[in-house]
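*Asks:* Dumping the structure here so I can ask a few things about it.
Number of protein chains: 2
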Amino acid sequence: MRSDDVPPPSVPDLAQSGPRRSTTTWQVIRDDVLARIRSRAWPPGELIPHEAELAAEYGCARSTVNRALREVAATGLIDRRRKAGTRVALNPLRRATLHIPVIRQEVETRGARYDYALISREHVSAPLAIRSRMGLPPQTRLLHVRALHLADGIAHAYEDRWINPQAVPEIMEVDFARISANAWLVQNVPYTRGELTLSAAAADADCAACLLCAPGAAIFTMERITWIGDQPVTLVTQSHPPGYAISTAI
Amino acid sequence: MRSDDVPPPSVPDLAQSGPRRSTTTWQVIRDDVLARIRSRAWPPGELIPHEAELAAEYGCARSTVNRALREVAATGLIDRRRKAGTRVALNPLRRATLHIPVIRQEVETRGARYDYALISREHVSAPLAIRSRMGLPPQTRLLHVRALHLADGIAHAYEDRWINPQAVPEIMEVDFARISANAWLVQNVPYTRGELTLSAAAADADCAACLLCAPGAAIFTMERITWIGDQPVTLVTQSHPPGYAISTAI
DNA sequence: CAGTGGTCTAGACCACGGT
DNA sequence: CCGTGGTCTAGACCACTGT
Numbered sequence: 319m320r321s322d323d324v325p326p327p328s329v330p331d332l333a334q335s336g337p338r339r340s341t342t343t344w345q346v347i348r349d350d351v352l353a354r355i356r357s358r359a360w361p362p363g364e365l366i367p368h369e370a371e372l373a374a375e376y377g378c379a380r381s382t383v384n385r386a387l388r389e390v391a392a393t394g395l396i397d398r399r400r401k402a403g404t405r406v407a408l409n410p411l412r413r414a415t416l417h418i419p420v421i422r423q424e425v426e427t428r429g430a431r432y433d434y435a436l437i438s439r440e441h442v443s444a445p446l447a448i449r450s451r452m453g454l455p456p457q458t459r460l461l462h463v464r465a466l467h468l469a470d471g472i473a474h475a476y477e478d479r480w481i482n483p484q485a486v487p488e489i490m491e492v493d494f495a496r497i498s499a500n501a502w503l504v505q506n507v508p509y510t511r512g513e514l515t516l517s518a519a520a521a522d523a524d525c526a527a528c529l530l531c532a533p534g535a536a537i538f539t540m541e542r543i544t545w546i547g548d549q550p551v552t553l554v555t556q557s558h559p560p561g562y563a564i565s566t567a568i
Numbered sequence: 319m320r321s322d323d324v325p326p327p328s329v330p331d332l333a334q335s336g337p338r339r340s341t342t343t344w345q346v347i348r349d350d351v352l353a354r355i356r357s358r359a360w361p362p363g364e365l366i367p368h369e370a371e372l373a374a375e376y377g378c379a380r381s382t383v384n385r386a387l388r389e390v391a392a393t394g395l396i397d398r399r400r401k402a403g404t405r406v407a408l409n410p411l412r413r414a415t416l417h418i419p420v421i422r423q424e425v426e427t428r429g430a431r432y433d434y435a436l437i438s439r440e441h442v443s444a445p446l447a448i449r450s451r452m453g454l455p456p457q458t459r460l461l462h463v464r465a466l467h468l469a470d471g472i473a474h475a476y477e478d479r480w481i482n483p484q485a486v487p488e489i490m491e492v493d494f495a496r497i498s499a500n501a502w503l504v505q506n507v508p509y510t511r512g513e514l515t516l517s518a519a520a521a522d523a524d525c526a527a528c529l530l531c532a533p534g535a536a537i538f539t540m541e542r543i544t545w546i547g548d549q550p551v552t553l554v555t556q557s558h559p560p561g562y563a564i565s566t567a568i
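Just so you know, the sequences run in chain order A and B.
Each step along the first sequence adds one to the number in this note's numbering, with nothing skipped, and position 93 is 411.
Each step along the second sequence adds one to the number in this note's numbering, with nothing skipped, and position 141 is 459.
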């Protein structure tokens, strides 16, 4: 920051959880804005000063204020519109970034040995539930691959995957005993779009047997669908044993 | 009309000169970078051109390239380090933004009527599990509030909440039959930090009774803890009936 | 129309960290 | 050391949209 002649803004200094390490101007502005919103100095629905005004207040360029406010807007706490200005969100629909674990890494960073075990591989006509989920017509044949991810030999995740050979014909030649479907797809298929769905499900017989839990036990599932253009590539459901959780800061 | 029949550049023809249609320069660069990564033109681990080089290619300012690459880096697909340059991530730890629903809105946007029903309110000594989760010493007394969120009269979420009156003394006077704990806290408590944990759990007897499902049924739970500074404010667990899921684009 | 945010530039200095 | 990204500036024009 350059102009030291501007007094520090009179922001109610909320109790900080940790030491403030943000030294850059835009981070200072961002944190001040967050503090003013959370302290209700700027209550929900309120119009906050526009960029030029804040730039003057902080003695910085407007683009620096823009950067700070853009970051705040990304969390959903403020609503920005041209001409209308910037308002504190009335019902802050919070956005949080979720770090989606890559199973192998997840296992190995715990210091455990990672193993992959193929359970089954079949080329079959897709069941209705899978077809409709992937948006495929009747009679479509899909590759159905089931596998287990192991941490030090014990089950870490049960994977039930459907692959559309029309999108990736080469998949039919892959030996899933040697390379996991996920690893092969990650290395060979540049998907253009994906969707992730988190839910809870009761363990079915197969899943329970693999994860060593009771049938019907509460299982955390992550379902992913990926497309190349409009063509669905794969639908994969990864089920984690009871106790699994995923966290993020908000 | 100029010759727009040029196919979408697989290796993008750079040196833009004409006006942009619907996307801005930084978005074009971002999309090109994503396309080159996904098409493996830039394979995992590869060093990509540095900012100045890309700026020259696109005929734009370096800060515009910086904006584009910063957005890509936010998704975890590239790793940027000073002096070392920018590399395509070897194991892309994917980041996805999760939109955390505000229950009332979630219900009302479905066109359903929202209702809130208080089940119980007690001022009790905190159980060990709750204390340790919130990082509170033994003997701490907490306000325990259980409630139900209803959509058109049927259960949409079961809420089990613990509130620390030391952080928010006024909470003891609030009539939870009139206003939900969440609504009151959102309006009155500027938390500085929060943590969200998603998991699956088996429905306990109370939860099952409220959500009209079998005891032990797989329940999707969202647990939130918020702090003011170092002081924990509230720990809330919201449980959703079987079938509930939360989605995001990746 | 006019006010506001969104983008962009052509520079500049600085912080980090590999060599 | 010195190359690279991170930040910042003082402007500028444009796009959107409320009045």
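Quick reminder that beta carbons are idealized off the backbone N, C-alpha and C, glycines included.
The structure presented is a predicted model; accordingly, all values stated were derived computationally and were not measured.
So which residues on chain B does Ala391(A) lean against when the C-beta distance must stay under 8 Å?
*Replies:* The contacting residues do not exist; Ala391(A) stays about 13 Å from chain B at best.
*Asks:* Starting from Val551(B) and walking both ways along the beta strand (DSSP E), at which residues does that stretch end?
*Replies:* Start and end: Gln549 to His558.
*Asks:* Step through the CB atoms of chain A and report whether any lies within less than 7 Å of the CB of Gly453(B).
*Replies:* Chain A, which has no Cβ nearer than 7 Å to the Cβ of Gly453(B), makes this no.
*Asks:* Assuming Ala536(B) contacts Ala519(A) (C-beta within less than 8 Å), just tell me the rounded distance between them.
*Replies:* Their Cβ separation, rounded to whole angstroms, is 5 Å, which keeps Ala536(B) and Ala519(A) in contact under 8 Å.
*Asks:* Determine the direct distance from the alpha carbon of Gln423(B) to that of Thr393(B), and round the result to whole angstroms.
*Replies:* Roughly 28 Å separates the two Cα atoms.
*Asks:* Any beta-carbon of chain A closer than 7 Å to the one on Gln423(B)?
*Replies:* Yes - at least one Cβ of chain A is within 7 Å of the one on Gln423(B).
*Asks:* If you reduce the DSSP assignment to three classes, tell me which class Arg496(A) lands in.
*Replies:* Coil, per DSSP.
*Asks:* If the cut is a Cβ gap below 7 Å, which residues of chain A does Ser565(B) touch?
*Replies:* Here the neighbours are Glu513, Leu514 and Thr515.
*Asks:* Leaving out five residues on either side along the sequence, give the residues of the same chain with a beta carbon under 7 Å from the beta carbon of Ala370(A).
*Replies:* Cβ neighbours of Ala370(A) beyond the five flanking positions: Arg380.
*Asks:* Would you call the region 491 to 502 of chain A in contact with the region 482 to 491 of chain B, where contact means no fewer than 3 C-beta pairs closer than 8 Å?
*Replies:* Not touching, per the Cβ criterion.
*Asks:* Okay, do the region 423 to 434 of chain A and the region 462 to 477 of chain A touch, 3+ Cβ pairs below 8 Å being the bar?
*Replies:* Verdict: yes, contact present.
*Asks:* Find the nearest neighbour of Pro560(A) within the set Ile497(A), Thr566(A), Ala521(A) and Ile396(A), judged by alpha-carbon distance.
*Replies:* Taking only the C-alpha atoms, the option nearest Pro560(A) is Ala521(A).
*Asks:* I'd like the list of long-range same chain contacts for Asp571(B), defined as Cβ closer than 6 Å, with 5 residues on each side in sequence excluded.
*Replies:* Only positions 319 to 568 of chain B appear in this structure, which leaves residue 571(B) out of reach.
*Asks:* Can you look up Leu446(A) in the DSSP assignment and give me helix, strand or coil?
*Replies:* Leu446(A) falls in the helix class under three-state DSSP.
*Asks:* Starting from Tyr509(A), follow the beta strand (DSSP E) in both directions and report where the run begins and ends.
*Replies:* Where Tyr509(A) is concerned, there is no enclosing beta strand (DSSP E), given that its DSSP letter is neither H nor E.
*Asks:* Does Ser357(B) get closer than 7 Å to chain A when you measure Cβ to Cβ?
*Replies:* Output row for Ser357(B): interface = yes.
*Asks:* Can you list, in chain order, the residues of its chain with a C-beta nearer than 7 Å to that of Ala391(B)? Leave out the 5 residues immediately preceding and following it.
*Replies:* Here the set comprises Arg398.
*Asks:* Determine which residues of the region 401 to 425 of chain A have a Cβ less than 9 Å from any Cβ of chain B, and write them out in chain order.
*Replies:* Listed by position, the residues of the region 401 to 425 of chain A near chain B (Cβ gap below 9 Å) are Asn409, Pro410, Leu411, Arg412, Arg413, Ala414, Thr415, Leu416, His417, Ile418, Pro419, Val420, Arg422 and Gln423.
*Asks:* When you compare the CB positions of Ala386(B) and Arg354(B), do they come within less than 7 Å of one another, or not?
*Replies:* No. Outside cutoff.
*Asks:* Which one of Ile497(B), Leu436(B), Asn506(B) and Leu416(B) has the shortest CA to CA distance from Ala359(A)?
*Replies:* The shortest C-alpha separation from Ala359(A) is found at Asn506(B).
*Asks:* Should Ile543(B) be flagged as near chain A, meaning a C-beta pair shorter than 7 Å?
*Replies:* No - not a single Cβ of chain A is within 7 Å of the one on Ile543(B).
*Asks:* Use the C-beta contact count for Ser498(A): other C-beta atoms within 10 angstroms, 16 or more gives buried, fewer gives exposed.
*Replies:* Classification for Ser498(A): buried.
*Asks:* Between the region 524 to 536 of chain A and chain B, which residues of the former have a C-beta closer than 8 Å to a C-beta of the latter?
*Replies:* For the region 524 to 536 of chain A, which is checked against every Cβ of chain B, the residues closer than 8 Å are Gly534, Ala535 and Ala536.
*Asks:* Check the Cβ-Cβ distances between Ile568(A) and every residue of chain B, and say whether any is below 7 Å.
*Replies:* At least one chain B Cβ lies under 7 Å of Ile568(A).
*Asks:* Give a yes or no on whether the minimum CB-CB distance between Phe494(B) and chain A is below 7 Å.
*Replies:* Not an interface residue.
*Asks:* Where are the beta strand (DSSP E) runs, 3 residues long or more, that stay fully inside the region 447 to 484 of chain A, in chain order?
*Replies:* Runs found: 459 to 469 and 472 to 481.
*Asks:* Does Pro326(A) pass the burial test, meaning 16 or more other C-beta atoms within 10 Å, or should it be called exposed?
*Replies:* Bear in mind that the predicted position of Pro326(A) carries a pLDDT of just 40, short of 50, making it unreliable; the figure below should be weighed with that in mind. Counting Cβ neighbours within 10 Å, Pro326(A) comes out exposed, since fewer than 16 surround it.
*Asks:* Exposed or buried, Glu541(B), counting other C-beta atoms within 10 Å across all chains shown (16 or more means buried)?
*Replies:* When all chains shown are included, Glu541(B) counts as buried.
*Asks:* Output the distance between the C-alpha atoms of Gln549(A) and Gly512(A), rounded to the nearest integer angstrom.
*Replies:* Straight-line Cα distance between these residues: approximately 11 Å.
*Asks:* Comparing the C-beta of Pro508(B) with each C-beta of chain A, is any distance below 7 Å?
*Replies:* So yes, Pro508(B) belongs to the interface.
*Asks:* Give the interface partners of Ala562(B) over in chain A, defined as CB-CB distance under 8 Å, in chain order.
*Replies:* The displayed chain sequence assigns Tyr, not Ala, to residue 562(B). In chain order: Ser517 and Ala518.
*Asks:* Which runs of the beta strand (DSSP E), 3 residues or longer, sit entirely within the region 392 to 453 of chain A?
*Replies:* Listed in chain order, they are 396 to 399, 403 to 406, 413 to 417 and 432 to 443.
*Asks:* Cβ atoms of Leu461(B) and Pro483(B): under 7 Å apart, would you say?
*Replies:* Taking 7 Å as the Cβ cut-off, Pro483(B) and Leu461(B) qualify as a contacting pair.
*Asks:* DSSP puts Thr539(B) in a beta bridge; with which residues?
*Replies:* Beta-bridge pairing links Thr539(B) to Ser517(B) and Ser557(B).
*Asks:* Where does Thr342(A) sit, in a helix, a strand or coil, going by DSSP?
*Replies:* If DSSP states are grouped into helix, strand and coil, Thr342(A) belongs with coil.
*Asks:* Quick one: Cα of His474(A) to Cα of Ile418(B), how far?
*Replies:* Rounded to the nearest angstrom, the two C-alpha atoms are 27 Å apart.
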